[in-house]
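Student: To convert, take the position in the sequence shown, counting from 1, and add 403; that gives this note's numbering.
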Amino acid sequence: MSLLLLSTALIASTDSTLKYQIEPTSTGHDAVTVSVETNSLGTFHALPARTLANDTQPTLFCVTANGSQTAIEYQTPIQCDHVTWQLPLAAIGKDGFDIAKQIDSYEPIKGWSFVSEFNSLPRFATHNDELIPAQVCSPDNQCGWMPDADRPPLFVVWGLKPVELNINGKTIKVTTDTEQILQTMDDWKPALESQLNYLISLFPDSSVNQWDIAFFSRDKQAGSVSGAAGSNKILINAILDNGQFEDDEMPMLLKIAAHESMHLLDTSSPLWASESLAEYYAIKSLDKTQYKFTDPKAQWDGFAQSFPFASTGLFEASNLVSTEQQYQYYPLFYVKGPAFWQALDQSLMDKGESLDSRLPTLTYNKDGSLSEASIGELTKIIGKKKWDELTKLYL
Ligand SMILES: [Zn+2]
């Protein structure tokens, strides 16, 4: 039958939304099935999932009304009642979940599972190439929107009981598979609430209303410990030493949670400013709690002694990283950057102002440097001498 005839006979409605339902398979925890109702789409085609370390794509099957099941070629027009595919889940070993690899996994003892959009969740487009919006729902019916292709990936986690924080109209769900973190919740929860409350107050116009923060155990001996920010979910490794989570690791976890939350709130700063502001405010947000983190200036002074590119200014580093991909300068954003913002914040506070209130007014040039207008405003408050001093030290 002619596909062209079919596509003109059944005109796809472009305002439809797809629902990807993830379900356990009957064979065990080591795989899940994803199915999507596609009968209202008319002719459509599948687009490959975004990828991370390799090009693997799931094999999709088209199921028609009469029950026949055939494999689908990506980017080829088709009509199906629904589309289904299987995702294998790797068993997480005793070292814990390696966040950096973002491999679809299940935890056989603790009973939770993880699916990343990468290599696993294809998208669908109408016959006239319009991407169809989609929600992805876990077996416990928590759903998340498939992000735009230029946004961080979607992560799906299920099988962990969330602790819900409601802060200024925003909902942050915290989950963990680490027993000691759960047991000490009364200690860290007020601190995290205070941090998020502060960060949210800095971005009154932010349209992000909900995100998740998940802490996953990872053994120190395994060597790789990391964090990752998805479109709606922040993943953070909690380091275990011989199976034990040490209390003195908590400030680091809270700092990372705040840093990644800043990335969800501040979506307009250029890379160097985004990283350095996230780090500065992550540390500043801890100041109001019982947890302490190394002072940005002290951290920078120590780091500068051995870092080979310490004398490179932040604007130049920004340019080298963004236009020439010279990532060896990237660490400056995390260490020199926070020291700069701290010094600027202090100078503003000396004049009865603070960086907090100036933050929404900062603008940047195309090359990432602060705009003349912003520099003018700041100089008006702290004085030209002070600004020149900061420029010489950091920018
Ligand atoms: Zn960051």
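C-beta atoms are modelled at their ideal positions from N, C-alpha and C, and glycine is treated no differently. Because the structure is a prediction, the values reported are computed rather than measured.
(1) State yes or no: is the C-beta of Ser634 within less than 8 Å of the C-beta of Leu557?
(2) Grouping DSSP H, G and I as helix and E and B as strand, with all else coil, what is His432?
(3) For my contact list, His666 and Ser677 are in at a C-beta cut-off of 8 Å; report their separation, rounded to the angstrom.
(4) State the DSSP-derived secondary structure class of Arg621, mapped to helix, strand or coil.
(5) So which residues touch the region around ligand 1, with touch meaning a C-beta under 6 Å from any heavy atom?
(6) To test your reading of the DSSP string, which unbroken alpha helix (DSSP H) runs of 4 or more residues are found completely within the segment 676-733?
(7) What does the Cβ neighbour count give for Lys636, buried or exposed, with the cut at 16 atoms within 10 Å?
(8) On a Cα-Cα basis, can you pick out the residue from Arg453, Gln482 and Pro480 that is closest to Arg554?
(9) Beta-carbon within less than 6 Å of Val437's beta-carbon, same chain only, minus the 5 sequence neighbours each way: which residues are those?
(10) Between which two residues does the beta strand (DSSP E) harbouring Gln472 extend?
(11) Could you say if the segment 707-715 and the segment 763-775 meet the contact criterion of at least three C-beta pairs nearer than 8 Å?
(12) Out of curiosity, what's the CA-to-CA distance linking Asp650 and Lys592?
(13) What's the C-alpha gap between Arg621 and Leu643?
(14) Could you spell out where the alpha helix (DSSP H) holding Gln505 opens and where it closes?
(15) Based on the DSSP secondary-structure assignment, which residues constitute the bridge partners of Gln424?
(16) Any contact between the segment 616-630 and the segment 659-673? By contact I mean 3 or more CB pairs, one from each, below 8 Å.
Tutor: According to the structure shown:
(1) Against a cut-off of 8 Å, the Cβ pair of Leu557 and Ser634 comes out as a contact.
(2) His432 falls in the strand class under three-state DSSP.
(3) His666 to Ser677, Cβ: 7 Å. Contact.
(4) Of the three classes helix, strand and coil, the one that applies to Arg621 here is strand, per DSSP.
(5) Result (chain order): His662, His666, Glu678 and Ala681.
(6) Within the segment 676-733, the complete alpha helix (DSSP H) segments of 4 residues or longer fall at 699-707 and 717-727, listed in chain order.
(7) Lys636 should be labelled buried.
(8) Nearest option by C-alpha distance: Arg453.
(9) Around Val437, the same chain offers Tyr423, Ile425 and Trp488 as residues with beta carbons nearer than 6 Å, after the five sequence neighbours per side are excluded.
(10) That run of the beta strand (DSSP E) goes Gln472 to Ala474.
(11) Proximity of the segment 707-715 to the segment 763-775 falls short of the contact definition, fewer than three beta-carbon pairs being nearer than 8 Å.
(12) Approximately 14 Å, taken between the alpha carbons.
(13) As the crow flies, the alpha-carbon of Arg621 is around 6 Å from that of Leu643.
(14) Per DSSP, Gln505 belongs to no alpha helix (DSSP H) and is neither H nor E.
(15) Secondary-structure assignment with DSSP links Gln424 through a beta bridge to Ser438 and Cys540.
(16) The segment 616-630 and the segment 659-673 touch, with no fewer than 3 CB-CB distances between them shorter than 8 Å.
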